[in-house]
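Encoded as structure tokens, the structure appears first; notes follow it.
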Amino acid sequence: MRGVSAPPRPPRPAPSSSRGALGAFALAALLALTACSAFSRAVKEGDTASQQQKWAEAEAAYLRALAADPEASEVTVKLREVRRAWSQVVLEEARSVHASGDLDGAMKRLVRALELDAENVAARELLNVTLDERVAVALTALKADKLQEARAELDAVLAVAPDHAGAKKALDAVQVAWAKRWFNTGDGLEKAGKLGNALVAYVRADQERVGATAARERAEAVRQKLRDEVAFLVVATPVEDRAGAPDVAQRLAAGRLAAMLPTHLPLRVVTEAPEGREGVKLDLSLERVLPLKAVEDSQRSHRYLAGKTSVPNPRRAGFETKLLQAERTQEEVDRKQAQAMREYLRLQTELNLLRAGTERCRERERRECLEALKECGEAAREAEKPGTLPGECSPARCASSSCAKEEQALALLMAAVKLKEGSLEAALEKSETQRIEVQRHRDTTFREPVTVEEPMYSDFVYDVQLHRLTVTASVTAVMRDLLKSQVPAPHTDDFSVMHEDMTHKGYDRYGVLADPVQLRNELELRVEVGDKAVSDLARRVKERFDAYRGKRVEDARRGMVRPGAEDVVETAVRALLLTADAPPADVLQPLARARGLNRPETLLGL
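FYI, full-length UniProt numbering numbers position 147 of the sequence shown as 147, with every residue one higher than the one before it.
Take a look at the structure:
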């Protein structure tokens, strides 16, 4: 309505994007204010500490300010000034300490002063003087044979100045002195009969300075003595040839057995052994050598192409099957379509009949209503009192619903007809689709040929012969422990080597190429069977050696609670030489740490 003002609208809430932007701006402003306040506070603390000459606190405060604002050039200048002043203070302390004779303390302070101010010329000059003085102290200690003290001084100098020429030269002299000391120690231990400790000392001397002494040559000589001392001896007697096969017996000789054993282990094959040595005595006898030839006849078949033949096309059969299925489906679809058509026509007929009956009922009601109106008019003209409604003018005579049932039935039937019409259209559409599918399968089937050509194969059977050559050697071995008088029972093994080859004639017509027999020579197999026997003997000897060195390793492990003791070193070095192929780390590493070896594997000559 005009003249009435609308109530005021409530304020609209801001969109979510606007609220997010405002929140981000507020957060950024808050962070900026916080950073600004932290920066100002850190600069103020740094200025105060700098005025009070609290250099460490001033440096920390300025570093916090730079963390808040890395591009603050004025803070960078202040930090540089603080460090320069602090460097001068540390330099004065270094001068005082240097005057008292504490070169190590002075050098640490001078290094700190240069870390604070790399352009502090006075600190650098005093540091060079201090380094030269420490080199002089090291040379004095070297002349007094205090090698440990001299080495500590030179290591400290080289840690600060790796290119110091005087320190390098003095370090070379110290290393040579260490090498000579260890060489002399090893020489004394060798003369005392402590070969294990002597070997460690020689290796340490060579480690300190290569070529300064003859430690490497002496170490090799001592190592060889130790290997001879702990060697496991295999006394191989001449092979008894009972089979009259010298070519096979020769493969069982001591030289062949030694070639089969690892050469980097103290494992020796000899013909005689001194008393009291660890090892075994091996008595071998060649019982027999039996060559055996055999020929086995059999048959094989070879398939070849005999020609081509026409066969029904399997692809067409598959297409025909699909076509038949499609036609059967078409018949079912057509049946359902006809049924839907009949239902639709029946309901359409019923609808037409019911529509005609309903029209007749409506016509009858219309006539009755017209008659009622006519009677009402006549009665009104004949009425005695004007304005009165005669009884013939009742509205109920024209408001009768005698056709309501027919109309309701007509509406229901029309809905059913509409539904059947939709079903009929779907059936027609499906029938058309299926008819297209049938035609597609029919075209595919007719394009495929009825028959195709396939290769025709036949099997050709032919005779073959399997030639087999087997050489068997029987070897009896008696392996007796040198430290025991008991003689074990002899052990006889059969070793066989076989070679076989297939042979047959050639038939070019059927594609079978000739294959002549190609058997190996019997002499080759006799040599191979001898090598096989000696390889098995070497394996059994290695098992006895493993048991022997396992005891030595266990003895060495029990002493690792004190790896630097001389007796423990003697036992450990011998155990390591016995396990040169795989030295146990729990023995090698503790020994290396106790004697200061950088490369403990050099003990084994590696």
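Cβ atoms here follow ideal geometry from the backbone N, Cα and C, with glycine treated the same way.
Exclusion of the five residues before and after L195 leaves V222, K225, L226 as the residues of its chain whose Cβ lies within less than 7 Å of its Cβ. In its chain, beyond the 5 residues on either side, H499 have a beta carbon closer than 6 Å to the beta carbon of R520.
Around the beta carbon of Q434, 16 or more other beta carbons lie within 10 angstroms, which makes this residue buried. Per the Cβ contact rule, the segment 461-481 is in contact with the segment 496-514 (3 or more Cβ pairs under 8 Å). Annotation: R509 is outside any alpha helix (DSSP H) and is labelled neither H nor E by DSSP. When the Cα atoms are used, A65 and Q88 turn out to be separated by approximately 24 Å. Residue nearest to A565 within the set A594, R544, R540, A538 is A594 (criterion: CA-CA distance). Sequence-distant Cβ neighbours of A72 in its own chain, meaning closer than 6 Å and more than five residues away, do not exist here. The continuous stretches of alpha helix (DSSP H) do not include A306, which lies in the beta strand (DSSP E) extending over residues 279-312. Of the other Cβ atoms in all chains shown, fewer than 16 fall within 10 Å of the Cβ of V561; this residue is therefore exposed. In the displayed model, P449 falls within coil according to three-state DSSP, outside both helix and strand. Rounded to the nearest angstrom, the gap between the Cα atoms of V541 and D508 is 56 Å. In the DSSP assignment, R209 falls outside any alpha helix (DSSP H), carrying neither H nor E. Note that the C-beta distance between A547 and A575 is not below 8 Å. The beta carbon of A106 lies closer than 6 Å to those of A94, V97, H98, T130 in the same chain, with the five residues before and after it left out. Shown here, E217 sits in a helix according to DSSP, grouped into three states. DSSP places R268 in the uninterrupted beta strand (DSSP E) bounded by 267-270.
P516 and V248 have their C-alpha atoms some 29 Å from each other. In summary, R447 is exposed, with fewer than 16 beta-carbon neighbours lying within 10 Å of its beta-carbon over all protein chains present. The beta-carbon separation of A179 and A215, rounded to 7 Å, stays under the 8 Å limit for a contact.
When secondary structure is reduced to three states using DSSP, E554 falls in the helix class. The beta-carbon separation of L354 and A427, rounded to 25 Å, does not stay under the 8 Å limit for a contact. DSSP lists A473 as the bridge partner or partners of F495. Between V471 and P490, the C-beta gap is not smaller than 8 Å, which leaves the two residues out of contact.
With a cut-off of 8 Å on Cβ pairs, the segment 118-128 is not in contact with the segment 145-157, counting fewer than three such pairs.
Under the three-state reduction of DSSP, A56 is assigned to helix.
In the structure shown, V573 adopts helical secondary structure according to DSSP, grouped into three states. Judged by pairs of C-beta atoms under 8 Å, the segment 165-175 touches the segment 130-142, as three or more such pairs exist.
With a threshold of 16 other beta carbon atoms within 10 Å, E570 meets it and is buried.
Of L282, A212, L261, the smallest CA-CA separation from T271 is found for L282. Contact between V475 and R251 does not hold, since the beta-carbon distance rounds to 10 Å and is not under 8 Å. The Cβ neighbour count for E153, taken over all protein chains shown within 10 Å, is at least 16; the residue is labelled buried.
In this structure, L261 and A538 form a Cβ contact; the two beta carbons are roughly 5 Å apart against a cut-off of 8 Å.
Non-local beta-carbon contacts of S535 in its own chain, meaning distances under 8 Å to residues more than five positions away in sequence, involve M260 in chain order. By the neighbour-count criterion, in which a residue is buried when 16 or more other Cβ atoms sit within 10 angstroms of its Cβ, P583 is buried.
With distances taken between CA atoms, D172 lies nearest to G211 out of H441, G211, A572.
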